[in-house]
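Engineer: Residue numbers (my numbering), protein chains in the order written: chain A, 287 to 624; chain B, 76 to 523.
Take this structure, written in structure tokens, and hold onto it; I'll ask about it next.
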Amino acid sequence: MSYLLQQTILYTIPLMIVALAGVFSERSGTINIALEGLMIIGAFIGVYFVRSIILLNVPLSFGQPLLILGMIVSIIGGCLFSLLLGFAAIRLKANQTIGGSALNLLAPALVLFLILIITSQSVLNIDSKYSSNDYFMLNQDDFGLGTKLENPLGVIGNVLFNKTYITTWICLALYLGLSIMLYKTRFGLRLRSCGENPQAADSLGINVYKMRYAGILISGGLAGLGGFVYSVTTVAASSNGDVAGFGFLALAVMIFGNWKPRNIAAAALLFGLLKCIAVGYPYIDINNDGIYFLNTIGVSQHIYRILPYVITLIVLAFTSKKSRAPKAEGIPYDKGER
Amino acid sequence: MIKPSNKVKVFFKNIGHWFKSLIFKVDDKDPKLLVLYRKGATKSVVSSLISIFVGILLGGVILFILAIASGGDISLKAAWEGFRLIFVGVFNTGRDLNGNLTFGFNSTNIGNVLFRATPLILTGLSVAVAFKTGLFNIGAPGQYLMGTAATFIVALSIPTTIVPAWIVWILAFIAGFLAGALWGIIPGIFKAVLNVHEVITCIMTNWIAANIVTSMFDNNKGVFKHLLDPSPTKNLAYLFKTTENGVATSKMGLDVIFPNSQVNGGIIIAILIAIVVYIILNKTTFGYELKACGSNRHAAKYAGINEKRSIILSMAIAGGLAGMSAALYYLSGNTEFYWSTYQSLPANGFNGIPIALLAYNNPVGVIFSGIFMSYLNVAGLQLKNLTPFNEYITDIIIASIVYLSAFSLAFKEILSSKIFRKKSKDLSQEQPQEILVKPKIIAEEEEK
Numbered sequence: 287m288s289y290l291l292q293q294t295i296l297y298t299i300p301l302m303i304v305a306l307a308g309v310f311s312e313r314s315g316t317i318n319i320a321l322e323g324l325m326i327i328g329a330f331i332g333v334y335f336v337r338s339i340i341l342l343n344v345p346l347s348f349g350q351p352l353l354i355l356g357m358i359v360s361i362i363g364g365c366l367f368s369l370l371l372g373f374a375a376i377r378l379k380a381n382q383t384i385g386g387s388a389l390n391l392l393a394p395a396l397v398l399f400l401i402l403i404i405t406s407q408s409v410l411n412i413d414s415k416y417s418s419n420d421y422f423m424l425n426q427d428d429f430g431l432g433t434k435l436e437n438p439l440g441v442i443g444n445v446l447f448n449k450t451y452i453t454t455w456i457c458l459a460l461y462l463g464l465s466i467m468l469y470k471t472r473f474g475l476r477l478r479s480c481g482e483n484p485q486a487a488d489s490l491g492i493n494v495y496k497m498r499y500a501g502i503l504i505s506g507g508l509a510g511l512g513g514f515v516y517s518v519t520t521v522a523a524s525s526n527g528d529v530a531g532f533g534f535l536a537l538a539v540m541i542f543g544n545w546k547p548r549n550i551a552a553a554a555l556l557f558g559l560l561k562c563i564a565v566g567y568p569y570i571d572i573n574n575d576g577i578y579f580l581n582t583i584g585v586s587q588h589i590y591r592i593l594p595y596v597i598t599l600i601v602l603a604f605t606s607k608k609s610r611a612p613k614a615e616g617i618p619y620d621k622g623e624r
Numbered sequence: 076m077i078k079p080s081n082k083v084k085v086f087f088k089n090i091g092h093w094f095k096s097l098i099f100k101v102d103d104k105d106p107k108l109l110v111l112y113r114k115g116a117t118k119s120v121v122s123s124l125i126s127i128f129v130g131i132l133l134g135g136v137i138l139f140i141l142a143i144a145s146g147g148d149i150s151l152k153a154a155w156e157g158f159r160l161i162f163v164g165v166f167n168t169g170r171d172l173n174g175n176l177t178f179g180f181n182s183t184n185i186g187n188v189l190f191r192a193t194p195l196i197l198t199g200l201s202v203a204v205a206f207k208t209g210l211f212n213i214g215a216p217g218q219y220l221m222g223t224a225a226t227f228i229v230a231l232s233i234p235t236t237i238v239p240a241w242i243v244w245i246l247a248f249i250a251g252f253l254a255g256a257l258w259g260i261i262p263g264i265f266k267a268v269l270n271v272h273e274v275i276t277c278i279m280t281n282w283i284a285a286n287i288v289t290s291m292f293d294n295n296k297g298v299f300k301h302l303l304d305p306s307p308t309k310n311l312a313y314l315f316k317t318t319e320n321g322v323a324t325s326k327m328g329l330d331v332i333f334p335n336s337q338v339n340g341g342i343i344i345a346i347l348i349a350i351v352v353y354i355i356l357n358k359t360t361f362g363y364e365l366k367a368c369g370s371n372r373h374a375a376k377y378a379g380i381n382e383k384r385s386i387i388l389s390m391a392i393a394g395g396l397a398g399m400s401a402a403l404y405y406l407s408g409n410t411e412f413y414w415s416t417y418q419s420l421p422a423n424g425f426n427g428i429p430i431a432l433l434a435y436n437n438p439v440g441v442i443f444s445g446i447f448m449s450y451l452n453v454a455g456l457q458l459k460n461l462t463p464f465n466e467y468i469t470d471i472i473i474a475s476i477v478y479l480s481a482f483s484l485a486f487k488e489i490l491s492s493k494i495f496r497k498k499s500k501d502l503s504q505e506q507p508q509e510i511l512v513k514p515k516i517i518a519e520e521e522e523k
């Protein structure tokens, strides 16, 4: 049970944060199909930074500050890369889908090119001696709650204090804070108005271009962070120019959640659960009786892997009537058309 | 009666006249080059060429920056060689005794360019057809995978001892087409009937296809696991080649022109398909309806076009083209398919997007941009073999080119405004004169 919850959280967090990245961009009026590319860049820059610091022979105990520094660097990297999209979409009024696709092509190419030159392999790892778990994972003994062998915590305590990452809690806080900002502050209202009716917003003295740049920058930072978090928590802090389609999945989560943070959190949780089942179904023990139920019923692993995508399709089919994208998304703002 | 020498003179005079009319104003007609330049298509080609040039230049700059940043590990000479290889790597013939690069006609490379261009042209067409109907077919990888599976199953399952190999080839090709088309229809129906954005359904169907194909050939429980190659080198990781059953695309004589390469008749079939698609889109009512839906779905509906049918058919054709792409690639007989594909989607599918964009979705343009793309790919392999750099530089260049082509509109505006502003001003003054000329001609005709 605790395995299921722990893994679900690890898959949910990047999905949530990257879907929120999509929200910031799309609600300010720019389609951001480049989430996948931004994640790849964020993961690479974060991992490369962490690797460079570790090569300076820092002790294992420096892991947590290092992880936070890595997060900040990946945010900056994502912001910078997203400027490419902003420049094409806002300044040059280019087709946003094409610009985004170009970044999706560019990111893996650039990352693989650099990784091959840096390491002569196709994967960039942080350290040859220790794994990312040694550096970054928090166990119950780190919280002063006994050693790994005793298990006095129960399911909830296990989920909160064992095999957890500091990134999870930082991302949750960020998610909460940014969602509140989007709905309860003046900035958030202005941002959203640029995605619904930029002409009206402009007539009220809001600089639409600035707002859209802000939306894309926040989006890029969050997606970069999401990529780094994904890399640290699910693929042992390695970067290989691929995030297994998580960026696109986050796009689906965003549409699934109707561009609203609360719904997105729920959708991300559902996807995280399905993803967790797909990957770890032989190890899931729901009621702690030592029987791995999903493994014994004899359903093929491929069915579990297909499930998230099929369920998305079905739900989209039923909810498409209610689904409402920001009105002005995808349309470059032209002052002359006011 | 004109003397032969005079005939030659007249002939050359005419040629001279024609060349003069290219640049100068003759008979009150604008210079032909300027007329050609003002056409939309020319501007598209020119701005594509600018994108390509800037993209390649950018690739070169990256090579030099890396050479400088490496602090001596990579020499500047290597960067310069790499830069030259990006441009003309296909014509590289190795190194001479002094270690300098040599260039010449390299039949292996050129043949391989044509071979690799075959699937790229078709997936490019797939994306282009959907774009013409206003749909972004990011689902080409999934359609390509379904086409792959269907092609292999038919090509390997029908014994050529009973059925002639060429009939099996045709059946496998059709199977690839149909499987791709069926997979393309799904996002089409979602878009037309339920109004779900095609990008999201395409992404979902891509991953569903990847998992379905993996489960079909799973070496443990898959239905078609008997098609896996059990030889020790392959160890069930790959399917049999189609040549195992004696099915392969005819070389059509191309192996004589390009010996030692993988080229086969597939490239000719791909070019023919591109021309057929061009004719359907530009010369038939059906093609007009598709394009009308792309321009304005609601206006098309108002004009009496069944826009739902158009969207579904357009996606079906797009899917079919991606399926045929896979069929031609794997029926070549010298390509293998790695079945455990649930974690990655085929690059041939995604590469259709930049190819279509570079060609401005023109089916004939797709032939050239497809060949160009595979030219870059082969050049990238030369870069990997001969320099410290690797083949991904070509992917970077391609991505930069697509990025640049995204704001081709800005390029076009610059092209039509700044450089030739003066001339276009002159023209606006001259237009009334043309009108004055016209009555003269009419008067002459009346005299006759």
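Positions of the beta carbon are idealized from the N, C-alpha and C atoms, including for glycine.
#1: Which of the three DSSP states, helix, strand or coil, is assigned to V439 of chain B?
#2: Taking G379 of chain B as the reference, give the member of B:G395, B:A230, B:T360 with the closest Cα.
#3: Quick check on the DSSP output: what are the complete beta strand (DSSP E) runs of length 3 or more inside the region 326-384 of chain B, in order along the chain?
#4: Answer with yes or no whether the minimum CB distance from A481 of chain B to chain D is below 8 Å.
#5: Which runs of the alpha helix (DSSP H) spanning at least 4 residues fall entirely within the region 151-216 of chain B, listed in chain order?
#6: What does a CB cutoff of less than 7 Å around A614 of chain A pick up in its chain, not counting 5 residues either side in sequence?
#7: State the Cα-Cα distance for the pair E535 of chain A and G566 of chain A, rounded to the nearest angstrom.
#8: How would you list, in chain order, the residues of chain B whose beta-carbon sits under 7 Å from the beta-carbon of S586 of chain A?
#9: When you compare the CB of A434 of chain B with every CB in chain A, is at least one pair closer than 8 Å?
#10: Quick one: which residues of the region 337-362 of chain B get their C-beta closer than 9 Å to a C-beta of chain A? List them in chain order.
#11: Does any C-beta atom of chain B lie closer than 8 Å to the C-beta of L324 of chain A?
#12: Anything in chain A within Cβ reach of F265 of chain B, meaning under 9 Å, just list it in chain order.
#13: I'd like to confirm the pairing. Which residues does DSSP put opposite S525 of chain A in its beta bridges?
#14: Along chain A, which residues have their Cβ under 8 Å away from the Cβ of I196 of chain B?
#15: Does the distance between the C-beta of R548 of chain A and the nearest non-hydrogen atom of the ligand ADP fall short of 7 Å?
#16: Beta carbons nearer than 7 Å to chain A: which residues of the region 425-450 of chain B have them?
#17: Can you say whether K316 of chain B is buried or exposed, counting buried as having 16 or more other CB atoms within 10 angstroms of its CB?
#18: Cα-Cα, which of A:L355, A:G510, A:N448 is closest to I257 of chain A?
#19: Does T598 of chain A come out as helix, strand or coil in the three-state DSSP assignment?
#20: DSSP state of G607 of chain A, grouped into three classes?
#21: Taking Cβ positions only, does N483 of chain A come closer than 8 Å to chain B?
#22: Are A528 of chain B and I387 of chain B close, meaning C-beta to C-beta below 8 Å?
#23: Indicate whether at least one CB of chain A lies closer than 8 Å to the CB of S499 of chain B.
#24: Between which two residues does the alpha helix (DSSP H) harbouring I339 of chain A extend?
#25: With distances taken between CB atoms, is the gap from I340 of chain A to V515 of chain A smaller than 8 Å?
#26: Compare the C-beta of W282 of chain B against all C-beta atoms of chain A and say whether one is closer than 8 Å.
#27: Using C-beta distances below 6 Å, list every residue in its chain close to G512 of chain A, excluding the 5 sequence neighbours before and after it, in chain order.
#28: Using a C-beta to C-beta distance shorter than 7 Å, which residues of chain B count as neighbours of R591 of chain A?
#29: Please report the residue range of the alpha helix (DSSP H) in which M467 of chain A lies.
#30: Do the region 252-259 of chain B and the region 389-397 of chain B touch if we need at least three Cβ pairs shorter than 8 Å?
#31: Using C-beta distances below 6 Å, list every residue in its chain close to A374 of chain A, excluding the 5 sequence neighbours before and after it, in chain order.
#32: Label K561 of chain A either buried or exposed according to how many other C-beta atoms from any shown protein chain fall within 10 Å of its C-beta, with 16 as the threshold for buried.
#33: I need the straight-line Cα distance from G527 of chain A to L109 of chain B, nearest angstrom please.
#34: Could you tell me the alpha carbon to alpha carbon distance between T605 of chain A and V331 of chain B, rounded to whole angstroms?
#35: What residues in its chain sit with their C-beta under 7 Å from that of L111 of chain B, if we drop five residues either side in the sequence?
#36: Compare the C-beta of F447 of chain A with all C-beta atoms of chain B and state if any pair is closer than 8 Å.
Structural biologist: With the structure as the only source:
#1: Taking the first residue of the second sequence as 1, we reach residue 439 of chain B at position 364. Residue state, collapsed to three classes: helix.
#2: Translated into positions along the second sequence, residue 379 of chain B becomes position 304. Considering only alpha carbons, the answer is B:T360.
#3: none
#4: Here chain D cannot be found, since the structure's protein chains are A and B.
#5: 151-163, 182-207
#6: Locating residue 614 of chain A in the first sequence gives position 328, where the first residue counts as 1. Cβ neighbours of A614 of chain A beyond the five flanking positions: G315, G481, E482, N483, P484.
#7: Reading the first sequence from its first residue, position 249 is the one you call residue 535 of chain A. Reading the first sequence from its first residue, position 280 is the one you call residue 566 of chain A. The amino acid at residue 535 of chain A is misidentified as Glu; the sequence shows Leu. Between L535 of chain A and G566 of chain A, the C-alpha separation is close to 18 Å.
#8: Start at 1 with the first residue of the first sequence, and residue 586 of chain A comes out as number 300. Those are S290, K296, listed as they occur along chain B.
#9: Counted from its first residue, the second sequence places residue 434 of chain B at position 359. It does not; no Cβ of chain A falls within 8 Å.
#10: none
#11: Indexing the first sequence from 1 puts residue 324 of chain A at position 38. Interface criterion not met: the Cβ of L324 of chain A is under 8 Å from no Cβ in chain B.
#12: Position 190 of the second sequence holds residue 265 of chain B. The contacting residues are L599, L602, A603, S606.
#13: For the purposes of this step, residue 525 of chain A is taken as residue 239 along the first sequence, with counting starting at 1. Note: S525 of chain A sits in a beta bridge opposite A:L410.
#14: Residue mapping note: residue 196 of chain B aligns to position 121 of the second sequence, counting from 1. Those within 8 Å of I196 of chain B in chain A number zero; the least Cβ separation is about 18 Å.
#15: Ligands are entirely absent from the displayed structure, and the ligand ADP is therefore not among its contents.
#16: I428, P429, L432
#17: Numbered from 1 along the second sequence, position 241 holds the residue referred to as residue 316 of chain B. Buried, by the Cβ-count rule.
#18: The displayed coordinates of chain A run from 287 to 624. Any statement about residue 257 of chain A would go beyond what the structure contains.
#19: Start at 1 with the first residue of the first sequence, and residue 598 of chain A comes out as number 312. Here T598 of chain A sits in helix by DSSP.
#20: Here residue 607 of chain A refers to the residue found at position 321 of the first sequence. The amino acid at residue 607 of chain A is misidentified as Gly; the sequence shows Lys. Three-state result, K607 of chain A: coil.
#21: The residue you call residue 483 of chain A lines up with position 197 of the first sequence. Chain B contact via Cβ: absent.
#22: In the structure displayed, chain B extends from 76 to 523; residue 528 of chain B sits before or after that span and is not available.
#23: Here residue 499 of chain B refers to the residue found at position 424 when the second sequence is read from its first residue. Because S499 of chain B carries a pLDDT of 46, less than 50, the predicted location of this residue cannot be relied on, and no value is offered for it.
#24: Counting from 1 along the first sequence, the entry for residue 339 of chain A is found at position 53. Its alpha helix (DSSP H) spans residues 321-340.
#25: Indexing the first sequence from 1 puts residue 340 of chain A at position 54. Indexing the first sequence from 1 puts residue 515 of chain A at position 229. Their beta carbons are not under 8 Å apart, which means I340 of chain A does not touch V515 of chain A by this criterion.
#26: The count along the second sequence starts at 1 and reaches residue 282 of chain B at position 207. It does; some Cβ of chain A falls within 8 Å.
#27: Position 226 of the first sequence, counting from 1, holds the residue named residue 512 of chain A. Once the five neighbours on either side are set aside, the close Cβ partners of G512 of chain A are P300, I303, V304, M325.
#28: For the purposes of this step, residue 591 of chain A is taken as the residue at position 305 of the first sequence. Residues of chain B passing the Cβ test: N286, Y417.
#29: In the first sequence, residue 467 of chain A corresponds to position 181, counting from 1. Its alpha helix (DSSP H) spans residues 452-470.
#30: yes
#31: Within the first sequence, residue 374 of chain A is the residue found at index 88, counting from 1. If you ignore the 5 residues before and after A374 of chain A, its C-beta comes within less than 6 Å of the C-beta of A380, G385, all in its own chain and listed in chain order.
#32: Taking the first sequence and counting its residues from 1, one reaches residue 561 of chain A at position 275. It counts as buried.
#33: Against the first sequence, residue 527 of chain A aligns to sequence position 241. Against the second sequence, residue 109 of chain B aligns to sequence position 34. Cα-Cα distance, rounded: 46 Å.
#34: Here the question's residue 605 of chain A lines up with position 319 in the first sequence. Here the question's residue 331 of chain B lines up with position 256 in the second sequence. Looking at the two C-alpha atoms, the distance is approximately 58 Å.
#35: For the purposes of this step, residue 111 of chain B is identified with residue 36 of the second sequence, where counting begins at 1. Closer than 7 Å at the Cβ level, and outside the excluded window around L111 of chain B, lie T117.
#36: Numbered from its first residue, the first sequence carries residue 447 of chain A at position 161. So no, F447 of chain A is outside the interface.
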